[in-house]
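**Q**
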DNA sequence: GTTCCGATTCCCT
DNA sequence: GGGAATCGGAACC
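Residue numbers (the working numbering): 57 to 292.
#1: Quick one: what does DSSP say residue 59 is sitting in, helix, strand or coil?
#2: What ranges does the alpha helix (DSSP H) occupy inside the segment 127 to 196, keeping only unbroken runs of at least 4 residues that lie completely in it?
#3: What are the start and end residues of the alpha helix (DSSP H) that includes residue 81?
#4: Should the segment 156 to 171 be regarded as contacting the segment 83 to 103, the criterion being three or more beta carbon pairs within less than 8 Å?
#5: So is residue 206 buried or exposed if we call it buried at 16+ other beta carbons inside 10 Å?
#6: Indicate the three-state DSSP secondary structure (helix, strand or coil) for residue 96 in the structure shown.
#7: Answer yes if the segment 194 to 205 comes into contact with the segment 130 to 149, meaning at least three C-beta pairs across the two stretches below 8 Å, and no otherwise.
#8: Evaluate residue 260 with the Cβ neighbour count: other Cβ atoms within 10 Å of its Cβ, from every protein chain shown; 16 or more gives buried, anything less gives exposed.
#9: Could you give the C-beta distance for residue 83 and residue 285, rounded to a whole number, given that I count them as a contact under 8 Å?
#10: Should residue 252 go down as buried or exposed, given a rule of 16 or more other Cβ atoms within 10 Å for buried?
#11: Across which residues does DSSP place residue 291 in a beta bridge pair?
Listed below in structure tokens is the structure:
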């Protein structure tokens with residue numbers, strides 16, 4: 057597979073309202089090749105994303121204003137915001153909107169379409185190939201993303217991490233939306249931000265886990281529930 | 001300095 | 001379907 061011959065999307069692509077960008081990212085291919093060569097590249101076709109607005113969005117890391125960690129989100133669009141979570145996982149976001157809006161799109165799930173063997177070696181726990189990038193931390197792991205890619209420019213032709221330009225999909229895929237995952241309070245289920253977007257009928261879309269307060273060291277049991285998203289959610 | 005908690009995953013039951 | 005693992009950022013004292 058020849059990823060080098062396909063240029064990345066422009067910065068203007070990212071510099072639009074975050075929901076527009078999130079919608080247009082679905083079906084597109086994200087490539088990470090640390091050396092810039094195709095032989096260590098893993099490519100993922102995005103099937104599920106999540107939009108985060110800026111400081112006014114209670115679910116966003118930018119909700120409490122700019123900090124050293126979130127500084128990338130407040131910068132120009134077209135850069136990666138990669139953060140560490142739960143003491144063991146990396147998750148990748150793409151900074152969107154005009155500079156200063158601090159909006160971003162979380163890459164939640166995708167289908168590995170290139171570098172399958174490398175992705176499998178990075179994700180030995182995955183039993184099926186559809187599980188390789190099903191979930192934000194799994195996706196980041198399959199692509200080989202970590203702190204080193206935080207702040208990376210997605211738009212330079214030589215970027216190690218980029219979103220490929222071109223039609224998002226050969227057909228016109230059906231985009232569905234629902235509440236965001238893992239965001240408690242009004243930012244999550246039932247809130248004003250039903251900003252999780254995915255492609256209908258994709259087996260790589262991650263399971264939906266209802267946001268619930270995590271158990272304290274000796275607290276009450278959690279009531280988290282997982283369900284597969286259905287095609288009965290609101291279409292965009 | 002100390003504490004709290006998270007945009008989760010995996011393994012075991 | 002439940003629970004453990006694990007650590008950095010941000011808040012608080």
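Heads up, the beta-carbon is just placed ideally off N, CA and C, and yes, glycines get one too.
**A** Working from what's here:
#1: coil
#2: 172 to 178
#3: 74 to 81
#4: The segment 156 to 171 is in contact with the segment 83 to 103.
#5: buried
#6: helix
#7: yes
#8: buried
#9: In this structure residue 83 does not touch residue 285 by the C-beta definition: roughly 17 Å separates them, more than the 8 Å allowed.
#10: buried
#11: 232
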